[in-house]
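K.L.:
Attaching a single structure in structure tokens format; questions to follow.
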Amino acid sequence: MKPKLIVFDLDYTLWPFWVDTHVTPPFCKERDGKVYDANRQVVNLYPDSLEILKHLKDNDYDLAVASRTGSTEEAEQLLHLFDMNKYFVMKQIYPGRKTTHFSKFQNAFNHCYTDMLFFDDEHRNIRDLSSIGVTCVLVEEGMNWDYLNRGLNLHKEKKSS
0 MKPKLIVFDL DYTLWPFWVD THVTPPFCKE RDGKVYDANR QVVNLYPDSL EILKHLKDND
60 YDLAVASRTG STEEAEQLLH LFDMNKYFVM KQIYPGRKTT HFSKFQNAFN HCYTDMLFFD
120 DEHRNIRDLS SIGVTCVLVE EGMNWDYLNR GLNLHKEKKS S
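Numbering that gives the first Met the number 0 applies: residue 0 is where the sequence shown begins, and numbers increase by one.
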């Protein structure tokens, strides 16, 4: 059984930095197709991030973002510059507990927590959301195909037991 909503954190999950401390806004996309920060440093995603989002969207999964950052505008700017917004049905980007983000997802879509799959790099978020029934995968080296497959299989196993 597939998850009704797959949610991704941003910092150290889809991209290899904290948007509030490791890059300097404003950001811009140049003719070479690369995104740069104000210091002219290239800002990258993890290599598999865009392919994974496209694959999931092409296979009719609903995707969302849950990020605790206080740098909301900067995160939104990067999502726009990387052309990622087309993949997400909803975004929750603001400081606070991830349980608050997921409560808003639940209210918006009327999905049970057990029908959601979440990828994040922080143990505290995994712990908090696992305790309410969300299937969670700790992403320790950036989002990749192995983590995706692990999450989809884990969700399927939990739903069939």
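Where a beta carbon is used, it is the ideal one built from N, C-alpha and C, also for glycine.
1) For Pro94, is the classification buried or exposed, using 16 other Cβ atoms within 10 angstroms of its Cβ as the cut-off for buried?
2) Given that a residue counts as buried once 16 or more other Cβ atoms are within 10 Å of its Cβ, and exposed if not, what is Met142?
3) Which residue marks the beginning of the alpha helix (DSSP H) containing Gln105, and which one marks its end?
4) Is Leu44 helix, strand or coil when you go by DSSP?
5) Leaving out five residues on either side along the sequence, give the residues of the same chain with a beta carbon under 8 Å from the beta carbon of Phe16.
6) Are the beta-carbon atoms of Leu77 and Phe118 separated by less than 8 Å?
7) Using a 10 Å radius around the Cβ and a threshold of 16 neighbouring Cβ atoms, would you call Arg67 buried or exposed?
8) Using the three-state DSSP reduction, which class does Ile37 fall into: helix, strand or coil?
9) Hey, does Asn38 have any beta-carbon neighbour from chain C nearer than 8 Å?
10) Give a yes or no on contact between the stretch 44-57 and the stretch 134-148, applying the rule of three or more CB pairs nearer than 8 Å.
11) Would you report the Cα separation of Glu156 and Lys90, rounded to the nearest angstrom?
12) By DSSP, does Lys3 sit in helix, in strand, or in coil?
P.N.:
Answer, in terms of the structure:
1) For the purposes of this step, residue 94 is taken as residue 95 along the sequence shown, with counting starting at 1. That one is exposed.
2) On the sequence shown, residue 142 is found 143 positions in, with the first residue counted as 1. The residue in question, Met142, is buried, as its Cβ has 16 or more Cβ neighbours within 10 Å.
3) What you label residue 105 is simply residue 106 of the sequence shown in a count that begins at 1. Element bounds for Gln105: 97-108.
4) The residue labelled residue 44 in the question sits at position 45 within the sequence shown. Coil at Leu44, not helix or strand.
5) Your numbering for residue 16 matches position 17 in the sequence shown. Excluding positions up to five away in sequence, the list reads Asp10, Val22, Val42.
6) In the sequence shown, the residue the question calls residue 77 occupies position 78. In the sequence shown, the residue the question calls residue 118 occupies position 119. No; because the gap between Cβ atoms is not below 8 Å, this pair is not in contact.
7) The residue given as residue 67 occupies position 68 in the sequence shown. Arg67 should be labelled buried.
8) Locating residue 37 in the sequence shown gives position 38, where the first residue counts as 1. The identity of residue 37 in the sequence shown is Ala, whereas the question assumes Ile. Looking at Ala37 - three-state DSSP - the assignment turns out to be coil, as it is neither helix nor strand.
9) Annotation note: the requested chain C is absent from the structure, which comprises a single protein chain.
10) yes
11) As a first step, residue 156 must be located in the sequence shown, where it is residue number 157. As a first step, residue 90 must be located in the sequence shown, where it is residue number 91. Computed Cα separation, rounded: 27 Å.
12) By 1-based counting over the sequence shown, the position of residue 3 is 4. Coil, per DSSP.
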